[in-house]
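Number of protein chains: 4
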Amino acid sequence: MLIKMKNATREDKLEVRKRLPGEELEIIPFGQHEIIIAKLDRKRDEYSRDLQEQLSSAPAVEEVITISEPYQLTSRKLKPEGSVVDVDGVKVGDETPAVMAGPCSVENREQLLQTAEAVKKAGAEILRGGAFKPRTSPYSFQGLGEKGLELLQLARKKTGLKIVTELMDVEHRDLVAEYTDIIQIGSRNMKNYSLLKSIGKIDKPVMLKRGMASPVKDWLLAAEYVMSQGNHRVMLCERGIKTFGEDTRYTMDLSSIPLVKEKSHLPVIADPSHGTGRWELVIPMARAAVACGADGLLVEVHPEPKKALSDGPQSLKPEKFARMMKEIRQLNELDKMDDILREAASF
Amino acid sequence: MLIKMKNATREDKLEVRKRLPGEELEIIPFGQHEIIIAKLDRKRDEYSRDLQEQLSSAPAVEEVITISEPYQLTSRKLKPEGSVVDVDGVKVGDETPAVMAGPCSVENREQLLQTAEAVKKAGAEILRGGAFKPRTSPYSFQGLGEKGLELLQLARKKTGLKIVTELMDVEHRDLVAEYTDIIQIGSRNMKNYSLLKSIGKIDKPVMLKRGMASPVKDWLLAAEYVMSQGNHRVMLCERGIKTFGEDTRYTMDLSSIPLVKEKSHLPVIADPSHGTGRWELVIPMARAAVACGADGLLVEVHPEPKKALSDGPQSLKPEKFARMMKEIRQLNELDKMDDILREAASF
Amino acid sequence: MLIKMKNATREDKLEVRKRLPGEELEIIPFGQHEIIIAKLDRKRDEYSRDLQEQLSSAPAVEEVITISEPYQLTSRKLKPEGSVVDVDGVKVGDETPAVMAGPCSVENREQLLQTAEAVKKAGAEILRGGAFKPRTSPYSFQGLGEKGLELLQLARKKTGLKIVTELMDVEHRDLVAEYTDIIQIGSRNMKNYSLLKSIGKIDKPVMLKRGMASPVKDWLLAAEYVMSQGNHRVMLCERGIKTFGEDTRYTMDLSSIPLVKEKSHLPVIADPSHGTGRWELVIPMARAAVACGADGLLVEVHPEPKKALSDGPQSLKPEKFARMMKEIRQLNELDKMDDILREAASF
Amino acid sequence: MLIKMKNATREDKLEVRKRLPGEELEIIPFGQHEIIIAKLDRKRDEYSRDLQEQLSSAPAVEEVITISEPYQLTSRKLKPEGSVVDVDGVKVGDETPAVMAGPCSVENREQLLQTAEAVKKAGAEILRGGAFKPRTSPYSFQGLGEKGLELLQLARKKTGLKIVTELMDVEHRDLVAEYTDIIQIGSRNMKNYSLLKSIGKIDKPVMLKRGMASPVKDWLLAAEYVMSQGNHRVMLCERGIKTFGEDTRYTMDLSSIPLVKEKSHLPVIADPSHGTGRWELVIPMARAAVACGADGLLVEVHPEPKKALSDGPQSLKPEKFARMMKEIRQLNELDKMDDILREAASF
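Residue numbers (UniProt numbering), protein chains in the order written: chain A, 1 to 347; chain B, 1 to 347; chain C, 1 to 347; chain D, 1 to 347.
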């Protein structure tokens with residue numbers, strides 16, 4: 001059960017506490033509101049109607065919401081109209097898909113600036129690039145680290161693009177937060193609860209990738225870890241799941257997009273590059289993602305994919321990316337896109 | 001290796017045979033052509049250039065195609081422009097998605113006719129309905145059998161819709177072929193090789209559903225089982241695969257659609273009803289499928305889903321189906337749809 | 001709900017029918033008993049205590065068993081002490097694991113007789129060998145067919161080994177039944193309901209392999225398809241399931257063995273050859289299977305695995321098979337093996 | 001390629017470096033040896049025989065080992081006889097399986113001491129218990145933290161059992177290392193590369209659980225992350241993988257045990273509690289694991305499973321645990337156990 005308060009004084013909150021004796025409560029900032037939430041798992045039917053009415057009528061209480069799912073702050077019931085995450089002026093979650101594009105890894109100044117110019121020109125609003133890379137082998141290229149962050153900053157200055165880059169550990173949080181507009185949490189870290197709690201404590205947009213073997217519920221609970229620390233500026237990213245499939249490294253699970261929009265108010269974007277692992281499948285999957293309601297895309301682009309230090313086979317060349325952007329714009333113009341989003345909200 | 005011949009006389013074929021001594025060959029009708037193919041697995045590099053040239057220059061030989069994949073007649077190399085399956089005038093595989101809709105099971109006359117009228121009105125060209133149902137439990141409703149086929153025939157007469165229905169066993173082949181325009185082979189029978197060979201022997205369009213745990217290669221080889229018996233009028237249908245997922249019974253694998261179109265000339269449609277198991281996800285997945293190049297859709301529609309004898313939760317009400325059709329038409333009008341198909345063909 | 005009757009006259013059965021008006025009943029032979037079972041899915045709580053008592057007291061009724069699972073005849077509640085399938089004198093399901101061994105395919109007379117002698121010498125009781133092979137590609141070796149069955153018959157005559165071989169289609173049922181002691185239904189045919197019903201109609205031991213993507217419930221329901229036609233001489237075989245794994249083609253799911261023994265009275269054996277796809281893993285998995293309660297093993301053996309026409313990499317050489325048999329015998333001598341089986345029965 | 005050195009002086013190491021100009025090398029302590037290893041992915045065939053001989057003959061070089069797999073220090077080729085990890089006197093990886101048992105979470109003093117006494121009495125050598133719990137929901141019980149570590153320490157004092165407990169983040173490393181004998185890295189953190197590198201820097205036995213969707217290669221590379229920092233006291237733990245299965249939360253992948261022992265010298269144990277999620281399946285899987293070569297077991301035991309704060313359904317009661325220990329001892333006495341281990345080493 002969540003109690004949504006606005007402009008609540010200290011006395012107002014104590015009043016609510018009084019009406020829930022014995023409960024372990026927590027107060028979480030949520031935009032212009034504050035949410036009081038019980039810390040332990042509570043099933044909805046434990047709260048009688050009487051109690052709910054009592055709480056509804058308390059001062060400064062805007063709404064009492066009973067939610068039977070384990071994820072509370074992430075639940076669409078809290079915000080039926082959906083959330084829009086504002087990334088320094090660029091909106092993710094409004095009616096236009098936001099596109100984040102760039103190389104898998106920041107390799108060198110020329111590669112990054114060249115790619116940044118190209119994606120900017122094609123209409124992307126956010127530049128992606130890894131400075132700290134999660135590699136399966138300790139002997140593989142691990143990324144340029146802080147040098148990579150500096151290059152991203154330079155590209156930002158030159159192009160006006162916002163930046164999204166991955167944070168791998170708590171230790172580097174403040175450094176990365178200094179340079180980036182969006183902190184990306186990778187698939188392999190979706191269950192790194194310490195890391196999630198850590199970025200929940202700062203005010204910086206977060207993009208949380210789905211674990212490659214995580215059901216939607218676990219994914220939303222991972223977002224809950226972030227939001228329950230006070231940071232509600234969370235976006236989700238579907239990037240393919242592990243299946244028996246031999247044709248692609250992962251399988252793009254597009255049905256999770258309308259499913260998540262039905263259950264949660266958070267924006268959800270799609271990564272067709274990791275999700276397919278093959279450049280020939282990226283544009284079809286990008287179109288499909290936008291057609292079923294994705295709020296944006298995360299796409300790998302490289303001027304010379306054959307020379308990429310990582311993920312070359314799934315990177316698009318700049319001209320193909322430009323074509324993808326044109327097609328996405330067309331798809332988005334279809335009237336019925338809004339209907340889908342509104343429909344999902346009303347389920 | 002395939003040798004494509006046209007208007008070949010008996011002597012022409014003997015000539016080819018002479019140039020491939022010791023090989024086990026087979027002659028397969030393929031539309032206006034005949035294909036000579038080696039019966040055992042042969043790897044491409046075993047055929048020298050000299051031999052290929054020798055064969056190319058033989059009389060009535062139109063083309064010699066070396067294919068390294070195990071599937072030959074299914075391979076796009078045989079027909080780069082793609083195939084269109086003609087279902088008594090309705091085309092599957094041309095530039096307009098063909099929609100097949102109707103109830104999961106044929107339950108009774110009223111239910112079927114009511115649904116047929118509704119889907120016809122909304123623009124579907126083909127009616128689906130199961131007379132023989134594959135049920136996990138021997139105690140579940142197994143379908144109306146021949147009575148169901150008669151009802152489908154009646155609906156066809158009244159609406160002009162073509163019919164697609166599932167064939168479960170060899171024993172019923174001729175009966176079902178008499179009543180239906182398309183023979184559907186279900187997911188659980190994708191590896192029923194006897195059944196595949198049996199329908200390969202008649203001249204009737206076939207729709208082959210992907211096995212729920214089958215890689216694309218096995219799926220194409222299943223189509224190869226049908227085509228190698230002489231029936232080249234084959235369509236494929238993606239209907240979701242088995243994954244760890246808890247949210248939906250199967251996971252819609254949309255990336256298999258552009259992947260199959262890259263590897264094979266056969267038309268491929270999508271079944272978002274079984275693929276998601278939830279009616280709220282059907283329209284988003286239908287849009288996504290068309291956006292990434294599907295040649296058609298197979299959708300479950302029921303006038304009163306709550307009363308359906310099978311698959312109620314995934315069936316669309318007629319009004320929702322009508323809305324889906326409208327949105328699909330819009331999506332299809334986008335120019336770039338043709339580009340995608342041509343692009344896939346040229347990979 | 002099942003009503004177990006013994007030595008029931010026609011009037012006795014009519015009496016039961018009278019006490020269940022409006023129900024669709026079916027009478028199924030089950031060894032020395034007859035089971036009356038409702039044909040449609042019935043949930044247990046629909047049968048009141050009064051009704052159960054009424055039925056229990058009817059003449060010739062030995063027991064009334066309410067079963068909430070969808071599988072009834074397969075349920076252990078019907079036969080808590082477990083079943084033993086008698087294969088012409090060889091018992092499967094008693095306290096000694098039954099071993100079935102031989103080549104994947106029957107290739108020629110020498111290969112088969114040589115292997116038969118070797119496995120016989122090492123202590124196997126049943127010879128396996130495929131005459132009709134399920135091949136993913138229509139161009140692969142499909143087996144020797146009837147010639148293969150004759151060779152199996154010859155090996156039987158010379159060694160005294162019983163025979164198990166796969167039946168692929170209804171058409172060949174009587175032919176195969178003539179030559180074999182056990183009819184094997186392969187993984188790809190676990191959901192071939194026509195085939196299951198067909199072998200349910202004859203009196204011949206059946207070994208039903210688990211579908212590679214089938215949950216245990218579906219597997220038991222497939223056995224139910226066979227048994228509900230009257231053939232209760234059914235054994236199950238775990239042979240690996242499809243997972244994301246890259247190291248082995250399938251993943252041996254040994255936990256399904258104690259799980260099945262908890263839910264069903266049928267004997268269950270393990271196939272570590274297909275289950276691992278690698279000869280080095282066969283003996284460890286064979287040991288593990290016996291250690292957790294398997295009633296037997298199905299193992300591929302070939303005198304020269306490198307020359308095998310199918311599944312060479314997973315075949316054991318005769319000397320390795322002999323060593324496996326020694327280790328299995330040792331494991332089986334441990335007292336506690338009986339405890340496990342009895343324990344599982346009492347859950 | 002690895003160069004194994006013993007008693008090497010600074011000049012000896014410079015000499016090796018001279019013979020590998022332009023390579024990025026790293027020197028890693030490994031017990032009584034030092035291993036020089038190239039930091040970037042190198043494929044074996046890049047090192048000519050001449051170079052290998054040159055290096056073999058350099059002073060203090062004991063052996064030059066070319067390894068084609070990406071994992072080097074983990075590879076069995078480095079230590080064909082296998083490794084034994086010494087946990088303050090308790091050996092893991094020798095011929096007797098080491099058993100680690102205890103509650104999922106440390107809940108309170110009485111629960112922990114009661115369980116510790118019970119498992120000690122039954123023959124376990126190591127006590128498990130979680131002080132920091134990885135919970136899918138931020139609202140679930142997260143563990144007693146340092147208080148839990150103190151209780152574990154107390155149990156150790158009273159019973160003499162060694163301790164294994166999970167470390168969730170880098171921040172708590174030194175605290176946990178102070179209290180525990182073995183640091184456990186959970187399945188969800190197998191790809192937390194920062195955490196792996198961090199524990200690689202201290203001299204403390206590590207138990208690395210397999211990621212629930214990780215192929216064996218990724219698991220060994222995770223171990224490589226730890227070992228390449230200098231800590232070679234690593235054990236592996238198979239705990240079930242994610243599959244389509246509905247019967248158990250995870251599927252125990254026992255074939256990974258002989259597979260890992262074939263590829264790596266590290267000890268590998270099995271966790272049948274998480275691997276099955278059901279207490280009735282724990283003993284059968286424990287027996288199976290030991291039968292196929294596991295070096296030990298990790299088992300959840302709770303005096304009153306119904307009251308457990310986490311994982312109750314999979315916990316064994318003390319009396320069942322005692323019975324499991326008896327059966328494991330019997331299994332282990334079989335002579336052939338040594339053969340299996342030696343055989344795996346010689347593949």
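Glycine included, each C-beta is placed from N, C-alpha and C at the ideal position.
Here the structure is a predicted model, which means the values were calculated and not measured.
- Query: What does DSSP give as the partner residues of residue 396/B in its beta bridges?
  - Reply: This structure leaves residue 396/B out entirely; chain B is present only between 1 and 347.
- DSSP beta-bridge partners of Ala98/B: Taking the first residue of the second sequence as 1, we reach residue 98/B at position 98. DSSP, once it has assigned bridges, lists Gly296/B as partnering Ala98/B.
- Task: Please list the partners that Val234/A has in chain D, where partner means a Cβ-to-Cβ separation under 7 Å.
- Result: As a position in the first sequence, residue 234/A is number 234, starting the count at 1. Under the 7 Å cutoff, chain D gives no residues; its nearest Cβ is about 13 Å from Val234/A.
- Item | When Lys209/A, Ser264/A, Asn231/A are compared against Pro272/A, the one with the closest alpha-carbon | One-based indexing of the first sequence puts residue 272/A at position 272. It is Lys209/A whose Cα lies nearest to the Cα of Pro272/A.
- Chain-ordered chain C contacts of Phe141/A [CB-CB under 8 Å]: On the first sequence, position 141 is the one that residue 141/A refers to. By Cβ distance, chain C contributes nothing, its closest Cβ being about 23 Å from Phe141/A, past 8 Å.
- Query: In the DSSP assignment, what residue or residues form a beta bridge with Ile91/A?
  - Reply: As a working note, residue 91/A is residue 91 in the first sequence. Note that residue 91/A is Lys in the sequence shown, not Ile. Beta-bridge pairing links Lys91/A to Asp86/A.
- Cut-off 6 Å between Cβ atoms - residues of its own chain near Lys158/B, not counting five sequence neighbours on either side: In the second sequence, the residue the question calls residue 158/B occupies position 158. Here the set comprises nothing.
- Looking at C-beta atoms only, is the number of pairs between the region 127 to 136 of chain D and the region 164 to 172 of chain D that lie closer than 8 Å three or more? Yes: the two stretches touch, three or more of their Cβ pairs being nearer than 8 Å.
- Item | As assigned by DSSP and simplified to three states, the class of Leu2/B | By one-based count along the second sequence, residue 2/B stands at place 2. Under the three-state reduction of DSSP output, Leu2/B falls in the strand class.
- Query: Expressed to the nearest angstrom, what Euclidean distance is found between the alpha-carbon atoms of Thr9/D and Tyr139/A?
  - Reply: Translated into the one-based positions of the fourth sequence, residue 9/D becomes position 9. Translated into the one-based positions of the first sequence, residue 139/A becomes position 139. Rounded to the nearest angstrom, the two C-alpha atoms are 26 Å apart.
- Message: Within a Cβ cutoff of 7 Å, which residues of the same chain sit near Ala322/C, ignoring the five residues on either side of it in sequence?
- Response: As a first step, residue 322/C is located in the third sequence; it is residue number 322 there, counting from the start. Ala122.
- Item | Val61/C - partner residues in DSSP beta bridges | As a position in the third sequence, residue 61/C is number 61, starting the count at 1. According to DSSP, which records beta bridges pairwise, Val61/C is partnered with Met5/C.
- Task: Run through the region 212 to 253 of chain A for me and flag every whole alpha helix (DSSP H) of 4 or more residues, listed as ranges in chain order.
- Result: 216 to 227
- Count the other CB atoms within 10 Å of the CB of Gly93/C; is the residue buried (16 or more) or exposed (fewer)? By 1-based counting over the third sequence, the position of residue 93/C is 93. Result: buried.
- alpha helix (DSSP H) segments (min. 4 residues) lying fully within the region 110 to 164 of chain C: 146 to 159
- Query: If you run the structure through DSSP and keep just helix, strand and coil, what is Ile283/B?
  - Reply: Reading the second sequence from its first residue, position 283 is the one you call residue 283/B. Helix.
- Query: Would you say Ala222/A and Leu254/A are within 8 Å of each other, going by their C-beta atoms?
  - Reply: As a first step, residue 222/A is located in the first sequence; it is residue number 222 there, counting from the start. As a first step, residue 254/A is located in the first sequence; it is residue number 254 there, counting from the start. In this structure, Leu254/A does not lie closer than 8 Å to Ala222/A by Cβ.
- Message: What does the alpha-carbon distance come out to for the pair Gln114/A and Pro303/A?
- Response: Against the first sequence, residue 114/A aligns to sequence position 114. Against the first sequence, residue 303/A aligns to sequence position 303. Going from the Cα of Gln114/A to the Cα of Pro303/A covers about 7 Å.
- For Ser264/A, name the three-state secondary structure that DSSP assigns. Your numbering for residue 264/A matches position 264 in the first sequence. Note: Ser264/A maps to strand in three-state DSSP.
- Task: Taking the CB atoms as reference points, tell me whether Val90/C and Met235/C lie closer together than 8 Å.
- Result: As a working note, residue 90/C is residue 90 in the third sequence. As a working note, residue 235/C is residue 235 in the third sequence. No, Cβ-Cβ distance for Val90/C and Met235/C is not below 8 Å.
- Message: Using only CA atoms, which one of Ala60/D, Leu51/D, Ala58/D lies nearest to Thr66/D?
- Response: In the fourth sequence, residue 66/D corresponds to position 66, counting from 1. With distances taken between Cα atoms, Thr66/D lies closest to Leu51/D.
- Item | Residue nearest to Leu112/D in terms of C-alpha spacing, selected from Lys191/D, Ser214/D, Asn192/D, Ala308/D | Locating residue 112/D in the fourth sequence gives position 112, where the first residue counts as 1. Selected option, being the one with the closest Cα: Ala308/D.
- Of the choices Gly143/D, Met207/D, Val170/D, whose alpha-carbon is the least far from that of Gly186/D? For the purposes of this step, residue 186/D is taken as the residue at position 186 of the fourth sequence. Comparing alpha-carbon positions, the option among Gly143/D, Met207/D, Val170/D lying closest to Gly186/D turns out to be Met207/D.
- Message: Please report the straight-line C-alpha distance between Ala289/B and Glu280/A, rounded to a whole angstrom.
- Response: Start at 1 with the first residue of the second sequence, and residue 289/B comes out as number 289. Start at 1 with the first residue of the first sequence, and residue 280/A comes out as number 280. Ala289/B and Glu280/A: Cα-Cα distance of roughly 16 Å.
- When the cut-off is 8 Å and only beta carbons count, does Thr136/D lie next to chain B? Counting from one through the fourth sequence, the residue named residue 136/D turns up at place 136. Not an interface residue.
- Message: Using a Cβ-Cβ distance cut-off of 8 Å, determine whether Glu171/C contacts chain B.
- Response: Position 171 of the third sequence, counting from 1, holds the residue named residue 171/C. At least one CB of chain B lies nearer than 8 Å to the CB of Glu171/C.
- Item | Beta carbon proximity, Asn231/C to chain B, threshold 8 Å | As a working mapping, residue 231/C is identified with position 231 in the third sequence. It does not; no Cβ of chain B falls within 8 Å.
- Item | At least three beta-carbon pairs within less than 8 Å, the region 243 to 254 of chain D to the region 215 to 230 of chain C | They touch, by the three-pair rule.
- CB-CB under 8 Å to Gln330/C, same chain, minus the five flanking residues each way: which ones, in chain order? Within the third sequence, the letter at position 330 stands for residue 330/C. Closer than 8 Å at the Cβ level, and outside the excluded window around Gln330/C, lies no residue.
- Query: Residues in its own chain within less than 7 Å of Glu15/C by CB, not counting five upstream and five downstream?
  - Reply: As a position in the third sequence, residue 15/C is number 15, starting the count at 1. Taken in chain order, the residues that qualify are Ala58, Pro59.
- Using a Cβ-Cβ cut-off of 6 Å (strictly less than) and excluding sequence neighbours within five positions of Ile283/A, which residues of its own chain qualify? Numbered from its first residue, the first sequence carries residue 283/A at position 283. These residues qualify, in order along the chain: Met324.
- Message: For Leu144/B, which residues in the same chain have their Cβ closer than 6 Å to its Cβ, ignoring the five residues on either side in sequence?
- Response: The count along the second sequence starts at 1 and reaches residue 144/B at position 144. Cβ within range, chain order: Val106, Ala131.
- Message: Any beta carbon from chain A within less than 8 Å of Thr243/C's own beta carbon?
- Response: Sequence index remark: in the third sequence, residue 243/C carries index 243 (1-based). Yes, contact with chain A.
- Item | Status (buried if at least 16 other CB within 10 Å, exposed otherwise) for Pro21/D | The residue you call residue 21/D lines up with position 21 of the fourth sequence. Exposed, because fewer than 16 other Cβ atoms sit within 10 Å of the Cβ of Pro21/D.
- Query: By Cβ distance below 8 Å, which residues in the same chain neighbour Arg109/B in space, the five residues on each side in sequence not counted?
  - Reply: Here the question's residue 109/B lines up with position 109 in the second sequence. Same-chain partners within the cutoff: Leu151, Leu154.
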